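The next block holds one structure in the form of structure tokens; read it before the comments.
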Amino acid sequence: MTAAASDAALEAVDLTRRYQLDGVAVEALRGVSLRIGRGEFVAIIGPSGSGKSTLMHLLGCLDRPTSGRLRVNGVEMSQLSDTQLAELRNKTIGFVFQSFHLLARTTALENVALPLVYRGVGKAERRTRARAALEAVGLGHRMEHRPSQMSGGEQQRVAIARALVGEPKVLLADEPTGNLDTRNGAEVMAILDRLNSDSGVAVVLVTHEPEVAGHARRQIHVRDGLIELDTADRTGTGETEQRDGGGAG
Amino acid sequence: MALEALRVNRMRSVLTMFGVVIGVLAVVILVAVGTGAKDAVEKEISGLGTNIILVVPGRLTVGAAPTQSKLNLADVAYVRRVVGDPAKVTVSLQSGETVRVGGTEAFVTVVGTDQNLTNIFDRPLDKGRHLSGTDVDTRRRVAVLGSEVADKLFGDLDPIGRQLTISGARFRVVGVYAKIGQTFGVSRDQEVHIPVTTAQRLLGIARVNGIAVGASGPDEIGPLQSRVVAALTDRYPGEKFSAVTQTQLLGTIGSVLGMLTGVLAAIAGISLLVGGVGVSNIMLVSVRERTREIGLRKALGARQRDVLTQFLIEAVLLTTIGGVIGILLGVGGALAIQALTPVPASVTWWSVALAFGVSAAVGVFFGVAPARRAGRLDPVIALRAE
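So the protein sequences, as listed, match chains P and Y. By the working numbering, the letter at position 198 of the first sequence is numbered 179, and the numbering carries on one by one without gaps. By the working numbering, the letter at position 321 of the second sequence is numbered 1293, and the numbering carries on one by one without gaps.
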């Protein structure tokens, strides 16, 4: 592991991803290179069909690239087995989805503790850590509630707690405010902001909304499977303070 | 976690289990009935007496045609000398005959035998006396009746000292046996015992059907058996003689009934198999329904093995819960059959253990395919599923 790799949370070199849809090859990604440092807050912006979801799946190790290299927290993912990839997702990456993806009929506490189950953490410790994670997103009073008993905003905060309970290096949020009203959306974004600055987890936000992307210090615009614009390139560092948010239009 | 998933789809789980319940129920009950029948027959055979060797001409195998007997009373005397203890050898000559008392008649098995019968077989008396040596030696026309024959011919009257006719010849009743029930489905209470010598004259024949030898202990059975067979083969070179012991009889009958039980269990097993197919089907539906959940679990770090195990446990839980219910119903059913019908049913621990084991195995076997499908789902596709 080189020194350069070790200080990047995610480092992609010339990633491509091709699908076969009814025998027709579709190039979702056509060569994407990017580097996201530890503790960065990045938004990946693009219209639907731009390849941003594919990129997120690759960055989250849910999928393997057709070609190119991807290092996650310094580890080259192409050399990992499926089991090792699962472990990498479990320990290094946290996911937040547009539709929350909470297990129905399961309490908030149990939902949050789920990633720890796959890490072999004992039940008592799982509960302690899940409780702390729920308190960190302001849901200390909702531990035993089920998803159906909570508002959308609360459900998404449970999902954020679940993403963070394993203390990941990278949090991947796919349209986290897409199913929320403005007020709840703002609340969720505020939590992501705070977590990024407090705990130093790198946050990668996938969105098509410029206002949401504006929370990030760096925007990466994706179109037709390629990076169209990366605001980090303007300053030459991965730590730009630029907050123009209007890069897309 | 797995239990939770089953509870969520309670109706479906119950219906799926139903197939397994019926399969296990059928296995437990049919094996219980088969085993009960075997136990009952074994009890009958043991009830004959202990340490008995039956000597018959020809080869005694299941399904073989009966052999014309060549044995006669001289051979019986010869066997007595071979055995050394004359009291431990008895003889039997059987024939179906009509007996009559006044206007009442009955078709019975007339057995010509001798005074040594009771030294070898358990045949307790209800009234009167057994056949005596003098009865045999002097060809007396005396008879000892089985309990059913006595009831049918004499009703409430005391038969002792009364007359009856067997094939037109008059006999005097000297004893009545206590009720002993059936052997191989034939009621032994429908026998009429008369002296073998009298029987030969009555039937106009000189032969006997078989010789029974009583051994003094289990260890003596083997040597005695081969000694008797060897002696008879010496006397009649070229002829075959068979001597069977109770143990051998038990073994033969036992293997036939065991086979029957096996066939019953196999038929029941088919219904268990059908139940298993139902489990497999429902697990496939469950995997499809919960595709998003599987995708999420994988995103959170579940390995292929974790997802596979989860679904496998669900399937096994489904079948073992069904199995336990089936066992309880099966045991209850077997006890009810035992109590309410003449069919003997005996629940054995191994059939219960087998039924449980098989239902768990059915869960694994039929759960593996759906569970593997779940484990191999591509998380990206699974997360997108509706």
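Note that CB positions come from ideal geometry on N, CA and C, so glycine has one too. Remember, predicted model here, so these are calculated numbers, not experimental data.
Residues bridged to residue i (per DSSP)
i: F1213/Y; result: P1029/Y
i: R199/P; result: V23/P
i: T1076/Y; result: V1073/Y
i: R11/P; result: T(-3)/P
i: R1179/Y; result: N1044/Y
i: S1159/Y; result: Q1154/Y
i: I1050/Y; result: A quick correction: the sequence has Tyr, not Ile, at residue 1050/Y. Y1050/Y pairs with nothing; no bridge assigned.
i: L97/P; result: Partner(s): none; L97/P has no beta bridge.
i: R1275/Y; result: Note: R1275/Y sits in no beta bridge, so no partner.
i: R50/P; result: V(-6)/P
i: L959/Y; result: Since the first residue of chain Y shown is 973 and the last is 1358, residue 959/Y is not available in this structure.
i: Q65/P; result: DSSP lists no partner for Q65/P.
i: L1117/Y; result: V1148/Y and V1164/Y
Per-residue DSSP class, three states only, for residue i
i: K150/P; result: coil
i: H1165/Y; result: strand
i: V102/P; result: coil
i: G18/P; result: strand
i: S1064/Y; result: strand
i: L987/Y; result: helix
i: Q1087/Y; result: coil
i: Q60/P; result: helix
i: E(-8)/P; result: strand
i: V118/P; result: coil
i: S1018/Y; result: helix
i: I994/Y; result: helix
i: T1291/Y; result: helix
i: R1402/Y; result: With chain Y represented from 973 up to 1358, any question about residue 1402/Y goes unanswered, as that position is not in the structure.
i: G181/P; result: coil
i: D1094/Y; result: coil
i: A1187/Y; result: coil
i: E1261/Y; result: helix
i: D174/P; result: helix
i: T158/P; result: coil
i: T73/P; result: helix
i: R123/P; result: coil
Cα-Cα separation between residue i and residue j, rounded to whole angstroms
i: T87/P; j: G134/P; result: 17 Å
i: T1106/Y; j: R1199/Y; result: 29 Å
i: N981/Y; j: G1248/Y; result: 18 Å
i: L1221/Y; j: T988/Y; result: 45 Å
i: G1226/Y; j: K1015/Y; result: 11 Å
i: S66/P; j: R50/P; result: Note on identity: in this sequence residue 66/P is Leu, with Ser being the wrong assignment. So the two alpha carbons sit approximately 14 Å from each other.
i: K943/Y; j: A1078/Y; result: No information on residue 943/Y is available, as it lies outside the stretch 973 to 1358 that chain Y covers here.
i: L1312/Y; j: A1306/Y; result: 10 Å
i: K1010/Y; j: Q1172/Y; result: 36 Å
i: L1045/Y; j: G1084/Y; result: 12 Å
i: A233/P; j: G121/P; result: In the structure as shown, chain P starts at -18 and stops at 230, and residue 233/P therefore has no counterpart that could be examined.
i: E1192/Y; j: L1229/Y; result: 28 Å
i: H38/P; j: V986/Y; result: 39 Å
i: R108/P; j: L1272/Y; result: 17 Å
i: T1219/Y; j: I1017/Y; result: 9 Å
i: V1336/Y; j: I1297/Y; result: 18 Å
i: T221/P; j: A(-11)/P; result: Confidence in T221/P is poor, its pLDDT being 41 and thus under 50, which makes the residue's placement unreliable; the coordinate value appears in the next sentence. Going from the Cα of T221/P to the Cα of A(-11)/P covers about 15 Å.
i: S1341/Y; j: A1327/Y; result: The sequence shown places Ala at residue 1341/Y, not Ser. Their Cα atoms are separated by approximately 22 Å.
i: D3/P; j: I1353/Y; result: 15 Å
i: R984/Y; j: A1346/Y; result: 19 Å
i: H1102/Y; j: A1059/Y; result: 14 Å
Neighbour-count burial assignment, residue i, 16 or more Cβ in a 10 Å radius
i: T1070/Y; result: exposed
i: I1239/Y; result: exposed
i: A(-16)/P; result: Confidence at A(-16)/P is low in this model, with a pLDDT of 43, below 50, so its placement is unreliable and no value can be given for it.
i: G1147/Y; result: buried
i: P1314/Y; result: exposed
i: P46/P; result: buried
i: I1299/Y; result: buried
i: R138/P; result: buried
i: A24/P; result: buried
i: G991/Y; result: buried
i: I26/P; result: buried
i: E1261/Y; result: exposed
field: Residues within the stretch 99 to 118 of chain P neighbouring chain A, beta-carbon criterion of under 9 Å
entry: Structure shown: chain A not included; protein chains present are P and Y.
message: Under 8 Å, with one C-beta from each stretch per pair, do the stretch 27 to 35 of chain P and the stretch 1230 to 1239 of chain Y reach the 3-pair mark?
response: no
- prompt: Is the stretch 1135 to 1146 of chain Y in contact with the stretch 1111 to 1123 of chain Y, if contact means three or more CB pairs nearer than 8 Å?
  reply: Flag = yes, the stretch 1135 to 1146 of chain Y and the stretch 1111 to 1123 of chain Y touch.
message: Under 8 Å, with one C-beta from each stretch per pair, do the stretch 1003 to 1010 of chain Y and the stretch 1319 to 1333 of chain Y reach the 3-pair mark?
response: Judged by pairs of C-beta atoms under 8 Å, the stretch 1003 to 1010 of chain Y touches the stretch 1319 to 1333 of chain Y, as three or more such pairs exist.
query: Taking contact to mean at least 3 C-beta pairs separated by less than 8 Å, is the stretch 136 to 153 of chain P in contact with the stretch 72 to 80 of chain P?
result: yes
message: Would the stretch 152 to 159 of chain P count as touching the stretch -5 to 13 of chain P if we require 3 or more Cβ pairs under 8 Å?
response: no
task: Indicate whether the contact test is met: 3 or more Cβ pairs, each with one atom in the stretch 1270 to 1284 of chain Y and one in the stretch 95 to 102 of chain P, closer than 8 Å.
output: yes
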